[in-house]
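Q:
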Amino acid sequence: MSFEQVNPIKVYEVNGVPCKIKAVTSAGIVGTNRTVVSAITGKIIRFMGFAVCPTLTNVALGNIPTISFKDGSGGRAFVLFGVPNGLDGSKGLPVIDSGYDETTVSTGLFADIGIADCYYTVFYIEYTPET
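162 is the number that the working numbering gives the last residue of the sequence shown; the numbers go up by one with no jumps.
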């Protein structure tokens, strides 16, 4: 029998301040400028990773969703992902210590979802930038 230590709450340090990783899960409906994480005054939202899977209805129909995460409503896209079709579980980008990208100060994290509805979980941290 083997055991592995698991840290259920990841904590990152940004500018000397500890930041706990947060997650938001939602049913993503096809459309543009869908709010994933609302803007937080004076904070940056660092995109750390995500998981996404198509709905069972769309799997049956063969519809493969796409999802693009971006800096604000109508802002710069920084992750575009096509979801593989099938029932083999969720896909996405694993949480990595450096994260993938971030919003500008006081700007929310948004998504454009194309072709078909899906479910997603986004992992992120929020922090105050140095001035």
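Glycine included, each C-beta is placed from N, C-alpha and C at the ideal position.
Remember, predicted model here, so these are calculated numbers, not experimental data.
Which one of Ala54, Gly103, Ile75, Cys84 has the shortest CA to CA distance from valine 153?
A: On the sequence shown, position 122 is the one that residue 153 refers to. The residue with the shortest Cα to Cα distance from valine 153 is Ala54.
Q: Taking DSSP as the reference, what is the three-state secondary structure of asparagine 46?
A: The residue given as residue 46 occupies position 15 in the sequence shown. If DSSP states are grouped into helix, strand and coil, asparagine 46 belongs with coil.
Q: Figure out for me which residue from Met79, Thr72, Gly105 has the closest Cα to the Cα of aspartate 128.
A: For the purposes of this step, residue 128 is taken as residue 97 along the sequence shown, with counting starting at 1. Checking every option, the nearest Cα to that of aspartate 128 belongs to Met79.
Q: Locate the alpha helix (DSSP H) running through threonine 88, then write down its first and last residues.
A: By 1-based counting over the sequence shown, the position of residue 88 is 57. That run of the alpha helix (DSSP H) goes 87-92.
Q: Are the segment 86-95 and the segment 122-141 touching by the rule of at least three beta carbon pairs closer than 8 Å?
A: The segment 86-95 is not in contact with the segment 122-141.
Q: Have a look at the DSSP bridge pairing and note the partners of threonine 56.
A: Looking up residue 56 in the sequence shown gives position 25. Threonine 56 pairs with Thr152.
Q: Compute the distance between the beta-carbons of leucine 140 and valine 68, then report whether it is under 8 Å.
A: What you label residue 140 is simply residue 109 of the sequence shown in a count that begins at 1. What you label residue 68 is simply residue 37 of the sequence shown in a count that begins at 1. Cβ distance < 8 Å, so leucine 140 and valine 68 count as in contact.
Q: Within 10 angstroms of its Cβ, does proline 160 collect 16 or more other Cβ (buried), or is it exposed?
A: Counting from one through the sequence shown, the residue named residue 160 turns up at place 129. It counts as exposed.
Q: Count the other CB atoms within 10 Å of the CB of alanine 16; is the residue buried (16 or more) or exposed (fewer)?
A: Residue 16 cannot be examined here, being either before or after the span of the chain that is shown, 32 to 162.
Q: At what residues does the beta strand (DSSP E) containing arginine 107 begin and finish?
A: By one-based count along the sequence shown, residue 107 stands at place 76. Run containing arginine 107: none; DSSP gives neither H nor E here.
Q: Quick one: what's got a C-beta closer than 8 Å to isoleucine 52's C-beta in the same chain, skipping five residues either side?
A: The residue labelled residue 52 in the question sits at position 21 within the sequence shown. Here the set comprises Ile40, Lys41, Val42, Tyr43, Met79, Val126, Phe154, Tyr155, Ile156.
Q: Could you check where the beta strand (DSSP E) with threonine 63 kicks off and where it finishes?
A: Numbered from its first residue, the sequence shown carries residue 63 at position 32. Segment 62-68, the beta strand (DSSP E) holding threonine 63.
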